[in-house]
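Engineer:
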Amino acid sequence: MKPKKRRVYFNQKQIDFVSAPQKIKTCIAGRGFGKSTLISLILLFMLRVMPRAKVFFSSTTLEQVKNSTLAPVLAKLAEMGIKEDVHFVIGKDPWSANSKCKWFKRPIAPVKKYDNVITFWNGFTVVILSAAKPDSQRGGSYDAGIVDEAAFVKRSFWEKVLLKMVRGNLYRFDTHMHHSIFILTSQPRKTEGRWVLEMEEKAASFPDDFYFMWASAKDNSVVLGDEWFKVQKATSSPLDYMIEVENVKLKKLPNGWYHRFDDRRHVYSGEKIVRTSEMLEVSFDFSGKFNCVSVWQEQDFVERCIDQFFLKDEGKIKQLVDALCKAYKPHGFKYVRLWGEPRGRDRNPIDEDIFTIIRKRFEHNGWAAEIMVPEGLATKDHKERFSFMESLMDEEDPRLPKLRIHESCANVIASIQGCDIKADYSKDKSMEKDESFPQENAPHFSDTADYYLWYKHAWRMNNQANQRAGSAMTM
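Counting along the sequence shown from 1, when you hit position 92 you're at 427 in the numbering used here, and nothing is skipped either side.
1) For residue 507, count neighbouring Cβ atoms within 10 angstroms of its own Cβ and tell me buried if that reaches 16, exposed if not.
2) Just confirm the distance between the C-beta atoms of residue 596 and residue 751, as a whole number of angstroms; I'd bet it's less than 8 Å.
3) Out of 421, 592, 746, point me to the one whose CA is closest to residue 758's CA.
4) Which residues in the same chain have their Cβ closer than 6 Å to the Cβ of residue 718, if we skip the five residues on either side of it in sequence?
5) When you compare only the Cα positions, how much space is there between residue 643 and residue 584?
6) Three or more C-beta pairs under 8 Å: does that hold for the region 561-571 against the region 377-389?
7) For residue 409, name the three-state secondary structure that DSSP assigns.
8) Helix or strand or just coil, what does DSSP make of residue 416?
9) By DSSP, does residue 807 sit in helix, in strand, or in coil?
10) With DSSP as the reference, label residue 388 as helix, strand or coil.
11) Please report the distance separating the alpha-carbon of residue 672 from that of residue 662.
12) Could you compute how far the alpha carbon of residue 432 sits from the alpha carbon of residue 467?
13) If I follow the unbroken alpha helix (DSSP H) through residue 634, where does it start and stop?
14) Which residues does DSSP list as the beta-bridge partners of residue 549?
15) Take residue 555 as the anchor and find which of 702, 365, 701, 543 has the nearest alpha-carbon.
16) Specify the secondary structure class of residue 675 as computed by DSSP and reduced to three states.
17) Suppose contacts are defined by Cβ-Cβ distances below 8 Å. Is residue 786 in contact with residue 675 by that definition?
18) Could you compute how far the alpha carbon of residue 358 sits from the alpha carbon of residue 516?
19) Based on Cα-Cα distance, which residue from 493, 455, 736, 793 lies nearest to residue 637?
20) Would the region 421-435 and the region 444-461 be scored as touching if the rule is three or more Cβ pairs under 8 Å?
21) Using only alpha-carbon positions, find the residue among 608, 497, 536 that is nearest to residue 544.
Encoded structure:
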């Protein structure tokens with residue numbers, strides 16, 4: 336009897352990842368990419384080319400694997416015709432007295448306990464490990480390994496335990512799968528998981544040994560369908576959607592212009608905390624085909640960035656103001672102060688300067704507006720602004736306010752995190768000229784932040800009270 340052929344779909348990036356010949360492979364993928372499907376494909380390849388091998392599968396906790404991770408993996412294996420209690424068993428000794436699987440081949444290196452073990456018919460064995468109990472995992476020897484949810488794995492567990500356990504049976508398997516480690520995760524958002532991002536640098540430096548891949552739900556759109564993306568976008572915060580679904584690379588450059596920015600401190604979630612009886616402050620950046628504005632409110636000496644707006648069409652500054660006014664129509668105290676790029680005050684032989692146009696547009700929408708950027712103001716020395724932002728973000732100088740950016744201002748955050756620095760302390764704005772780069776994540780939004788903070792608060796550093804712009808007003 337010929338084996339029954341089955342058509343099973345895997346997206347191209349899943350196939351590329353498993354097929355890569357490098358020994359250490361890392362995939363940082365957004366939700367919906369199909370990491371569980373990828374795990375099933377890895378297991379399929381391994382059990383075919385490494386019968387009787389023993390590999391580890393590490394995740395955050397044993398409960399996470401058993402209750403969440405395994406189900407979709409096993410479902411995909413079943414789709415491929417590999418079924419539980421027929422072709423493999425979980426948590427059982429296949430050779431026990433009452434087992435129906437005594438015909439299974441034994442692994443080269445048998446395990447002593449089967450509580451957290453998957454055993455396949457050809458002796459291929461998967462041992463499930465928990466990152467929550469690192470000390471209990473030491474001492475094992477495996478032919479390969481899978482590290483799931485690596486963003487939640489501490490560097491010490493990766494370097495001192497998991498990496499050291501892949502060894503042995505050196506000449507038994509003639510396949511690139513042998514001694515491979517597959518690292519799978521969503522984008523790390525906490526310090527403890529940032530070691531995963533270093534794998535990209537290692538792949539660039541040692542391309543024969545390390546493979547690195549960014550992937551997103553869009554790579555799996557054939558499976559997900561358009562409606563899935565619409566629902567996710569409607570039910571997620573902009574920052575979560577950007578990171579968790581689109582997997583936009585939000586990196587904090589170690590030596591970037593905002594290298595003191597810490598999303599654990601400077602980004603807050605939940606309610607935006609807007610005081611409707613107090614004024615708003617807005618800061619603009621003008622860049623031809625891309626104009627943007629961030630919305631701020633100072634509260635008890637805390638500067639909160641509460642919103643963001645942008646338009647990619649040239650000359651649409653009035654529409655940008657209209658969008659902001661529409662969003663804040665319920666705001667009680669309709670008084671706004673205007674900050675931003677100094678060239679917005681430059682005189683125009685054909686029309687009024689940009690800030691005057693903005694002020695009048697706010698008034699058209701029923702707001703009182705005050706321009707806070709003086710005419711003829713030149714941008715201050717880059718190093719001076721850089722040092723000011725360092726001090727403000729350190730939060731050690733009592734003369735300066737604290738900075739808090741709401742997570743919904745995803746592009747403001749991305750702009751800050753990805754802004755590089757030049758030798759003269761100016762910002763590297765090459766991304767603003769790259770038409771393929773999403774301009775909402777280029778340095779534009781970061782400019783709105785430091786224009787606002789610098790021109791409003793820098794006087795405090797030198798006690799130049801005559802230069803102060805004023806403080807929050809209450810109705």
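Glycine included, C-beta positions come from ideal geometry on N, C-alpha and C. For clarity, every value in this text was computed on a predicted model and none was experimentally measured.
Structural biologist: Taking the structure as given:
1) exposed
2) Taking a contact as a CB-CB distance under 8 Å, the pair residue 596 and residue 751 counts as one, their CB atoms being some 5 Å apart.
3) 592
4) 760
5) 19 Å
6) no
7) helix
8) coil
9) Unreliable positioning characterises residue 807 in this predicted model, as indicated by a pLDDT of 42, which lies under 50. The coordinate reading is nonetheless provided below. If DSSP states are grouped into helix, strand and coil, residue 807 belongs with coil.
10) coil
11) 17 Å
12) The straight-line gap from Cα to Cα measures roughly 33 Å.
13) For residue 634, there is no enclosing alpha helix (DSSP H); the residue is found in the beta strand (DSSP E) stretching over 625-634.
14) 363
15) Ranking 702, 365, 701, 543 by Cα distance to residue 555 puts 365 first.
16) Strand at residue 675.
17) In this structure, residue 675 lies closer than 8 Å to residue 786 by Cβ.
18) 6 Å
19) 736
20) yes
21) 536
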